[in-house]
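Number of protein chains: 2
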Amino acid sequence: MTSVLDRPEDFAASALSGFCAAYPGHVVSVPHGALRAGAVPPGKVAVVVGGGSGHYPAFLGYVGTGLADAAVAGDVFASPSTSAIASVARAAEAGGGVILGFGNYAGDVLNFGAAAERLRAEGIDARILAVTDDIASAGPGDRARRRGVAGDLLVFKIAGAAAEAGLDLDAVMDVALRANSRTMSFGMAFDGCTLPGHGAPLFTVPAGQVALGLGIHGEPGIRTQPLVPAAELARLLLEPLLAERPAGQDGRVAVVLNGLGRTKYEELFVLWHHLTGMLKDHGLTPVAPEIGEFVTSLDMEGCSLSILWLDDELEALWTAPADTPAFRRGSSGQVAPHRGAVRVADAAAAVPQASAAGRAAAPCIARVIARLADVLAGAEGELGRIDAIAGDGDHGQGMARGSAAAADAARQAVDAGAGPGTVLALAGDAWADRAGGTSGALWGVALRAWGQVLGDDAAPDAARVAQGARAALTAVTRLGGAQPGDKTLVDAFVPLVEALQTTDAPLAQAWSRGAQAATDAADATAHLTPRLGRARPLAERSIGHPDAGAVSLALCARTVAEVLAD
Amino acid sequence: MTSVLDRPEDFAASALSGFCAAYPGHVVSVPHGALRAGAVPPGKVAVVVGGGSGHYPAFLGYVGTGLADAAVAGDVFASPSTSAIASVARAAEAGGGVILGFGNYAGDVLNFGAAAERLRAEGIDARILAVTDDIASAGPGDRARRRGVAGDLLVFKIAGAAAEAGLDLDAVMDVALRANSRTMSFGMAFDGCTLPGHGAPLFTVPAGQVALGLGIHGEPGIRTQPLVPAAELARLLLEPLLAERPAGQDGRVAVVLNGLGRTKYEELFVLWHHLTGMLKDHGLTPVAPEIGEFVTSLDMEGCSLSILWLDDELEALWTAPADTPAFRRGSSGQVAPHRGAVRVADAAAAVPQASAAGRAAAPCIARVIARLADVLAGAEGELGRIDAIAGDGDHGQGMARGSAAAADAARQAVDAGAGPGTVLALAGDAWADRAGGTSGALWGVALRAWGQVLGDDAAPDAARVAQGARAALTAVTRLGGAQPGDKTLVDAFVPLVEALQTTDAPLAQAWSRGAQAATDAADATAHLTPRLGRARPLAERSIGHPDAGAVSLALCARTVAEVLAD
Numbered sequence: 019m020t021s022v023l024d025r026p027e028d029f030a031a032s033a034l035s036g037f038c039a040a041y042p043g044h045v046v047s048v049p050h051g052a053l054r055a056g057a058v059p060p061g062k063v064a065v066v067v068g069g070g071s072g073h074y075p076a077f078l079g080y081v082g083t084g085l086a087d088a089a090v091a092g093d094v095f096a097s098p099s100t101s102a103i104a105s106v107a108r109a110a111e112a113g114g115g116v117i118l119g120f121g122n123y124a125g126d127v128l129n130f131g132a133a134a135e136r137l138r139a140e141g142i143d144a145r146i147l148a149v150t151d152d153i154a155s156a157g158p159g160d161r162a163r164r165r166g167v168a169g170d171l172l173v174f175k176i177a178g179a180a181a182e183a184g185l186d187l188d189a190v191m192d193v194a195l196r197a198n199s200r201t202m203s204f205g206m207a208f209d210g211c212t213l214p215g216h217g218a219p220l221f222t223v224p225a226g227q228v229a230l231g232l233g234i235h236g237e238p239g240i241r242t243q244p245l246v247p248a249a250e251l252a253r254l255l256l257e258p259l260l261a262e263r264p265a266g267q268d269g270r271v272a273v274v275l276n277g278l279g280r281t282k283y284e285e286l287f288v289l290w291h292h293l294t295g296m297l298k299d300h301g302l303t304p305v306a307p308e309i310g311e312f313v314t315s316l317d318m319e320g321c322s323l324s325i326l327w328l329d330d331e332l333e334a335l336w337t338a339p340a341d342t343p344a345f346r347r348g349s350s351g352q353v354a355p356h357r358g359a360v361r362v363a364d365a366a367a368a369v370p371q372a373s374a375a376g377r378a379a380a381p382c383i384a385r386v387i388a389r390l391a392d393v394l395a396g397a398e399g400e401l402g403r404i405d406a407i408a409g410d411g412d413h414g415q416g417m418a419r420g421s422a423a424a425a426d427a428a429r430q431a432v433d434a435g436a437g438p439g440t441v442l443a444l445a446g447d448a449w450a451d452r453a454g455g456t457s458g459a460l461w462g463v464a465l466r467a468w469g470q471v472l473g474d475d476a477a478p479d480a481a482r483v484a485q486g487a488r489a490a491l492t493a494v495t496r497l498g499g500a501q502p503g504d505k506t507l508v509d510a511f512v513p514l515v516e517a518l519q520t521t522d523a524p525l526a527q528a529w530s531r532g533a534q535a536a537t538d539a540a541d542a543t544a545h546l547t548p549r550l551g552r553a554r555p556l557a558e559r560s561i562g563h564p565d566a567g568a569v570s571l572a573l574c575a576r577t578v579a580e581v582l583a584d
Numbered sequence: 019m020t021s022v023l024d025r026p027e028d029f030a031a032s033a034l035s036g037f038c039a040a041y042p043g044h045v046v047s048v049p050h051g052a053l054r055a056g057a058v059p060p061g062k063v064a065v066v067v068g069g070g071s072g073h074y075p076a077f078l079g080y081v082g083t084g085l086a087d088a089a090v091a092g093d094v095f096a097s098p099s100t101s102a103i104a105s106v107a108r109a110a111e112a113g114g115g116v117i118l119g120f121g122n123y124a125g126d127v128l129n130f131g132a133a134a135e136r137l138r139a140e141g142i143d144a145r146i147l148a149v150t151d152d153i154a155s156a157g158p159g160d161r162a163r164r165r166g167v168a169g170d171l172l173v174f175k176i177a178g179a180a181a182e183a184g185l186d187l188d189a190v191m192d193v194a195l196r197a198n199s200r201t202m203s204f205g206m207a208f209d210g211c212t213l214p215g216h217g218a219p220l221f222t223v224p225a226g227q228v229a230l231g232l233g234i235h236g237e238p239g240i241r242t243q244p245l246v247p248a249a250e251l252a253r254l255l256l257e258p259l260l261a262e263r264p265a266g267q268d269g270r271v272a273v274v275l276n277g278l279g280r281t282k283y284e285e286l287f288v289l290w291h292h293l294t295g296m297l298k299d300h301g302l303t304p305v306a307p308e309i310g311e312f313v314t315s316l317d318m319e320g321c322s323l324s325i326l327w328l329d330d331e332l333e334a335l336w337t338a339p340a341d342t343p344a345f346r347r348g349s350s351g352q353v354a355p356h357r358g359a360v361r362v363a364d365a366a367a368a369v370p371q372a373s374a375a376g377r378a379a380a381p382c383i384a385r386v387i388a389r390l391a392d393v394l395a396g397a398e399g400e401l402g403r404i405d406a407i408a409g410d411g412d413h414g415q416g417m418a419r420g421s422a423a424a425a426d427a428a429r430q431a432v433d434a435g436a437g438p439g440t441v442l443a444l445a446g447d448a449w450a451d452r453a454g455g456t457s458g459a460l461w462g463v464a465l466r467a468w469g470q471v472l473g474d475d476a477a478p479d480a481a482r483v484a485q486g487a488r489a490a491l492t493a494v495t496r497l498g499g500a501q502p503g504d505k506t507l508v509d510a511f512v513p514l515v516e517a518l519q520t521t522d523a524p525l526a527q528a529w530s531r532g533a534q535a536a537t538d539a540a541d542a543t544a545h546l547t548p549r550l551g552r553a554r555p556l557a558e559r560s561i562g563h564p565d566a567g568a569v570s571l572a573l574c575a576r577t578v579a580e581v582l583a584d
């Protein structure tokens, strides 16, 4: 949808107004378009680009040093009028003639062509530059009939850089036409776009399908096929372009991977992740590639890949500085030298050596954690089902993965001579790192805090264990922010800690009572509504069901009690 | 939808890989994140930001000079793990301590907090900076519970600039916390987003509604109401922020108008068009405002407005240079002085004075065009209905608007002493400019070409009129590219021109024959399929219906014949 608008017929004009207001350092508003703000050397060739609105940053976003001198904005997906183009071109003209650049669509061809005729009749040398990069729209033998898509950016950048470098009108046209003849794009669409004021999309792509070569306004494509993984999409984009590699070309390519609006940056980066390798495999070297949104189509879902087969002159022009609202080349300062080798290895903590008593007590801790890992592996499915009621259902998996990693770390720590506190702390770190998510982080800080209280010098007695439990609970509430009643593991943790602290009973008996209290409390969370960070529908869905984190904590408490009772 | 992916569980990692491959000049890849590429002064405070993936350019796109030293990327919408954060922070640390910046969400609070504890245990001074800008998520008295949204950019920019300026850890934290306490955001959503690998959106907004204050992962908002025009949406975004203006604040504000993914640039510019006036009305001066996508949420449809209430220090830090993949401040070169007064007035063509004979003949041309305007006004609805079968249905409106403007221009030209040729040429220009679209441009060049043949010095005879008609047809086919049989107005124009040229009959009789031939040919276009620039479904739909352009040309020919017969 296009949801933000006043009257549909005002959409393009309001967008133009807002654009000019947003970039006073780059552009000056003129009727029907925007003009480069800075002074222009007399005699410079003026590069004026344009077309329908709805394609931002095409074309307004290209106005600035090193790219376009002005842009003309038509209505959404409609060519600007002849007089609008001529009027903007007159304002941009600086004595060196004008190049009118646009994508090759019927309405634009008409109006830019008519504007050029009008300007010439007034004595302004005006040329037209129709970009024809979309290989899906016509064969290599019929290039003049090809549509213009994201190749606009490549061709206009070359023209803009050539004009900025002071070339005359003939020379700028020559290099721009050469760039156009060496620029090819291929696109794919996953879904259509909706015009301002319309309730339904202009065109659609069937769900689960990808339309290859579909035009950015719904013009016919090549074929529709089932959606495939990103690696295959990357191949589908690249291979048709390779077929038109100029003979003898040395492999340097300017590349634009363009999102059409709803296909977002991360998806483009996933494609680029694959394309970098594929380009290399084909002997191609991308020069200053651009990944992002350059020629959009309202909220259309899809993307395109454009290649400009470079030579020395084209490479210099492609990499020349530019500074526009939507496109910048060249640094704002000196590029600092690359930093040296990056330290990425974890600071491997040396295991502190424990006293003999500590070393003797440590294996018991490791055994408890190993048993927890066994039990949590068995409970993985059940905990996942409970979590799925109000969450993403990954709690069982996280607890199983975390406890397994903790058991490994604990065993290694024992073997390395650690005492009870270090064993527990290292187990906690491993748990957090492998489990991921909120509960992983909480279990990590809990075990680490508990271990710090236990220390490494003696077998912990019941009072020390209870004190550690209190420290663990404090760490959990400090880091997690949950209070009793919030329907989290804290609801089960609090009664466990209180049971451990309010008894003089031996350790096993204290744990047995604590485990029972934690289990009762976990069951009672079914009556609560979660308060922290849960969307409302999820929170409501969870009423009548216990919290997965509280249930797993109670399960762990019972397991410890069982081990101690053995 | 998120359509570009391989395995859902690899999405974030592949996107990170592609991002690092795309910006080798800005970043170095490290496990779980990206590190600023350039050398960093020893002792500089390291600003490390991060959070879940799916929010690009948050957070990877912020890495570079003047902003973040590194970013950590979690899974989609999931906090990075404690060890991932600690590992990236260790790589970024340059001896001045580390600030860990993130949006205030439970998982991030846990993991960044635990990472800070781990780093401190290793002797690295680490602080946490939780951004809390979303005023919809908690009241002004409960700021610490607010979520972090697009205010991330504002707060991180301040911290990054302060660190770049060489402030020490305490000083950077002070100014960053002050920035956070003065940063407020309010957002609205039109539709939800879809996680990679999921077939349905994570949450939805009812069609035709806007959800105010909805969180970027679907967290509860304030209310849902019917969608309203953009001017009202702008007010809904701005007013809640004004309520928290600090006492005595002088009106300078840093502003971020942020698109969440599917709400596109033009829509944001439409909002900005309204917001600039509203800010001024409230005595506020936006300083270096940013309009675009800064914290997205996959393909979520919506936007947010963020304000940072500036003071002198914050303004200097906000406007300080930065150079990252997604955010740049400071020019790549010298900003040229503003160009002087911009020539925007159309080069008002002086009306060339015609001979007496020419002046005498001109009113007849103007009468013909006035009659065309009457007829086309009456036919507007019918022509629109024909056009809607295979087009956007605006043909009737364009013809009515164009001919009315042409009639006005013709009358004025006659009054100014123009001859037949100039009257027709100026009528053509006016037609093209007011009608817009393809047919407007074609009618414009047709009348202009026709007028040039007629000249201004005599009443045109039948032969001259026929010769003008041929010139008009040539101009139309040259500019429009259509051939007979393409189902355009050319199909009716060709028989008209041939009838005019192949007879010695008087003008009125020749037009009568030509009009009949054009009408027959227009009817016959019902059997044709359009070939130029029409999407396939539209082309198929048009079979059995005549072309609107041909029908209107025939109607005009009949009208001319009637006027001449009178």
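Respectively, the protein sequence lines represent chains A and B. Counting from 19, one number per residue, gives the positions in the first sequence under my numbering. Counting from 19, one number per residue, gives the positions in the second sequence under my numbering. Note that the Cβ used here is the ideal one computed from N, Cα and C, for glycine as well.
Counted within 10 angstroms of its Cβ, other Cβ atoms place residue i as buried (16 or more) or exposed
| i | result |
| --- | --- |
| residue 178 (chain B) | buried |
| residue 570 (chain A) | buried |
| residue 433 (chain A) | exposed |
| residue 99 (chain A) | buried |
| residue 303 (chain B) | exposed |
| residue 545 (chain A) | exposed |
| residue 152 (chain B) | buried |
| residue 42 (chain A) | exposed |
| residue 538 (chain A) | exposed |
| residue 246 (chain B) | exposed |
Integer Cβ distance of residue i from residue j, believed to fall under 8 Å
| i | j | result |
| --- | --- | --- |
| residue 384 (chain B) | residue 441 (chain B) | 6 Å |
| residue 109 (chain A) | residue 116 (chain A) | Not really, about 10 Å apart at Cβ, beyond 8 Å. |
| residue 85 (chain B) | residue 197 (chain B) | The Cβ separation is near 13 Å, so there is no contact. |
| residue 459 (chain A) | residue 489 (chain A) | Actually they do not touch by this definition, with Cβ atoms about 16 Å apart. |
| residue 96 (chain A) | residue 454 (chain B) | 7 Å |
Chain A contact for residue i (CB, 8 Å cutoff)
| i | result |
| --- | --- |
| residue 570 (chain B) | no |
| residue 563 (chain B) | no |
| residue 366 (chain B) | Model confidence at residue 366 (chain B) stands at a pLDDT of 46, short of 50, so the residue's coordinates are unreliable; what they give is reported in the following sentence. Not one chain A Cβ lies under 8 Å of residue 366 (chain B). |
Simplified DSSP assignment, three categories, for residue i
| i | result |
| --- | --- |
| residue 201 (chain A) | strand |
| residue 77 (chain A) | coil |
is_contact[residue i, chain B] using C-beta, thresh 8 Å
| i | result |
| --- | --- |
| residue 193 (chain A) | no |
| residue 417 (chain A) | no |
| residue 166 (chain A) | no |
| residue 74 (chain A) | yes |
Every unbroken alpha helix (DSSP H) inside the segment 473 to 524 of chain B [4 residues or more]: 480 to 498 and 508 to 519
Sequence ranges, beta strand (DSSP E) only - wholly within the segment 157 to 231 of chain A, length at least 3: 201 to 209 and 227 to 230
Those runs of the beta strand (DSSP E) which lie wholly inside the segment 44 to 110 of chain B and span at least 3 residues: 45 to 48, 51 to 54, 64 to 71 and 88 to 94
Residue ranges of each alpha helix (DSSP H) within the segment 229 to 302 of chain B, 4 or longer: 248 to 260 and 283 to 299
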